[in-house]
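Read the structure below first, then the notes.
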Amino acid sequence: MITQLGAVTLKSGESAEILKITAPEPDWEEPVRSRLAHKSSRWHQPMSRALREGLPGLTMNFFLLRVGEATVGTLTVVQALKRPVALLQHVFTDPDHRRKGICSYLMRALQDDFLAEGGQAMYLGTGYDTPPFWIYHSCGFRPIGTIGAMVWVADQDYSDSYFAPAETLVRASQWGDWPLLHALYQLEKGWDLRGFSYGQFGNASYESAFCELEEAIEAAEAQQSMVIESQTSSAVVGHAFLARDRKWPDGPWVLDLFVHPSFSERGSDLLDALQLPVGVKIQAYCDDLATDRAALLQSRGFSLEATLTGQYVNGQGLPRDVLLYSLMP
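Residue 738 is where the sequence shown starts when you use the working numbering, and the numbers rise one by one after that.
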């Protein structure tokens, strides 16, 4: 669907128009992809699929600013259908058209549109304390820690209500969980070692990791990606999957598991939903303070194989031990 969002006058005096392209829209696949040629195939694959046929549970919108027939500014937003939580991606202005207010016009159009659709929170990642960081800050985004993660919320109580205790269900993950998983992994509280397979420590991004996981599932290098969903807010409050550890020839499967601290007792529901492979070694890692995670693993027959002393340094500059649990064939 193509929506005209209005005409604007740039700082240069040029007239421009803003369009919103809502996937699927096959005729726009090449024009949109050509704007992001500098991005890796990891980003192009979901973008192309969304534009051709759509992605389950996910809305992907492309905001374009055009001067005449030329597109000179773009941004992409991926948004969950059941709950208006979104990821802002791929903000780009042509070098020859910078300092004309293009990014500001696109951001204003995006935010107005998102609020009109009942949007609650929008996340992004950028370099901390860089010029883009301060541009987003001027648009109302605020930092989550000092890693370059930012969030813009319609309601300051969003996080408390979104992650409020509620009845839950366990289901297989889908593309619509992309922004919801990012919101979960960006929490400042909770286990520190959140994802071994794709490197989630502390309040970490899951933007690229979700694409990596989807690629691994298609290649049979990962399986059974399951989530816990709040039946009140539709928030994703837990996530688990199995992935091959290819650092070792014919290596073990790794169980990755992260649950919101308010829902830690539901972690057992996630493990109950997994069918652990038979006849292979399965490993799971947890930091030394994640005692509830360790207890959960032990309740499923995992035993402590090793303690890796001072294995990494956390975001506060402190060394942390890692506990390696294993389930032997």
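C-beta atoms are modelled at their ideal positions from N, C-alpha and C, and glycine is treated no differently.
Next on the checklist: Alpha carbons only, please: which of Leu930, Leu795 and Glu1002 is nearest the one belonging to Tyr1049?
Outcome noted: Leu930
Item to check | Entirely enclosed alpha helix (DSSP H) segments - the stretch 893-930, minimum 4 residues | outcome: 895-899 and 915-922
Next on the checklist: Suppose the cutoff is 7 Å on Cβ atoms and the five residues either side in sequence are ignored; what does the same chain contact list for Asp993 look like?
Outcome noted: Gly932, Phe933, Ser934, Ala977, Phe978 and Ala980
Checklist entry - Curious, which full-length beta strand (DSSP E) runs of at least 3 residues does the stretch 1026-1059 contain? => result 1040-1050
Checklist entry - Should Trp871 be labelled buried (16 or more other beta-carbon atoms within 10 Å of its own) or exposed? => result exposed
Next on the checklist: Can you list, in chain order, the residues of its chain with a C-beta nearer than 7 Å to that of Ala953? Leave out the 5 residues immediately preceding and following it.
Outcome noted: Ala959 and Ala980
Checklist entry - What do you get for Met1065, buried or exposed, if any count of 16 or more other CB atoms within 10 angstroms of its CB means buried? => result exposed
Next on the checklist: The beta strand (DSSP E) that contains Arg803, what's its start and end?
Outcome noted: Leu795 to Val804
Checklist entry - Whose C-alpha, out of Asn1051, Asp764 and Leu812, is nearest the C-alpha of Leu1026? => result Asn1051
Checklist entry - Quick one: is Tyr895 near chain D, going by C-beta distance under 8 Å? => result Looking at the structure shown, chain D is missing, and only one protein chain is on hand.
Item to check | Sequence-distant residues of its chain with Cβ nearer than 8 Å to Gly882 (five each side left out) | outcome: Glu925, Gly939, Asn940 and Gly1052
Checklist entry - Is DSSP giving Pro761 helix, strand or coil here? => result coil
Checklist entry - Exposed or buried, what is Gln741 when buried is set at 16 or more other beta-carbons lying within 10 Å of its beta-carbon? => result exposed
Next on the checklist: Please identify the residue among Val888, Gly885, Pro768 and Trp912 whose C-alpha is closest to the C-alpha of Ser962.
Outcome noted: Trp912
Next on the checklist: Among Asp1024, Asp1006 and Asp987, whose alpha-carbon lies nearest the alpha-carbon of Pro1056?
Outcome noted: Asp1024
Checklist entry - Which residue comes first and which comes last in the beta strand (DSSP E) that contains Cys1023? => result Ile1019 to Asp1024
Checklist entry - When the Cα atoms are used, what is the spatial distance from Asp1006 to Leu950? => result 21 Å
Checklist entry - Taking the alpha carbon of Val964 as the point to measure from, which residue in Met844, Ala957 and Val974 has its own alpha carbon closest? => result Val974
Next on the checklist: Tell me which residues share the same chain as Val991 and place their Cβ nearer than 8 Å to its Cβ, disregarding the 5 neighbours each side in the sequence.
Outcome noted: Phe933, Ser934, Leu979, Ala980, Arg981, Asp982, Ile1019, Gln1020, Ala1021 and Tyr1022
Checklist entry - Does DSSP classify Met784 as helix, strand or coil? => result helix
Item to check | Same chain, Cβ closer than 7 Å to Glu708, neighbours up to 5 away in sequence not counted | outcome: Missing from the structure shown is residue 708; the chain here goes from 738 to 1066 and no further.
Item to check | For Ser1001, the three-state DSSP class (helix, strand or coil) | outcome: helix
Checklist entry - By Cβ distance below 7 Å, which residues in the same chain neighbour Leu847 in space, the five residues on each side in sequence not counted? => result Phe800, Leu812 and Val814
Next on the checklist: In whole angstroms, give me the CA-to-CA distance for Leu852 and Leu1011.
Outcome noted: 37 Å
Checklist entry - Cα separation between Tyr865 and Arg836? => result 21 Å
Checklist entry - From this set, Leu818, Glu904 and Ser1036, which residue's C-alpha is nearest Leu792's C-alpha? => result Leu818
Next on the checklist: Three Cβ pairs or more, each shorter than 8 Å: is that satisfied between the stretch 882-891 and the stretch 903-917?
Outcome noted: no
Checklist entry - Given Ala1043, which residues of its chain have a CB within under 7 Å of its CB, disregarding the five upstream and five downstream residues? => result Leu1061
Next on the checklist: If I follow the unbroken beta strand (DSSP E) through Gln816, where does it start and stop?
Outcome noted: Ala807 to Ala817
Next on the checklist: Looking only at its chain, what residues have a beta carbon closer than 6 Å to the beta carbon of Pro869, apart from the 5 residues adjacent to it on each side?
Outcome noted: Thr863
Checklist entry - Could you give the uninterrupted runs of the alpha helix (DSSP H) lying entirely in the stretch 831-874, keeping only those of 4 residues or more? => result 839-853
Item to check | Secondary structure of Val769, DSSP reduced to three states | outcome: helix
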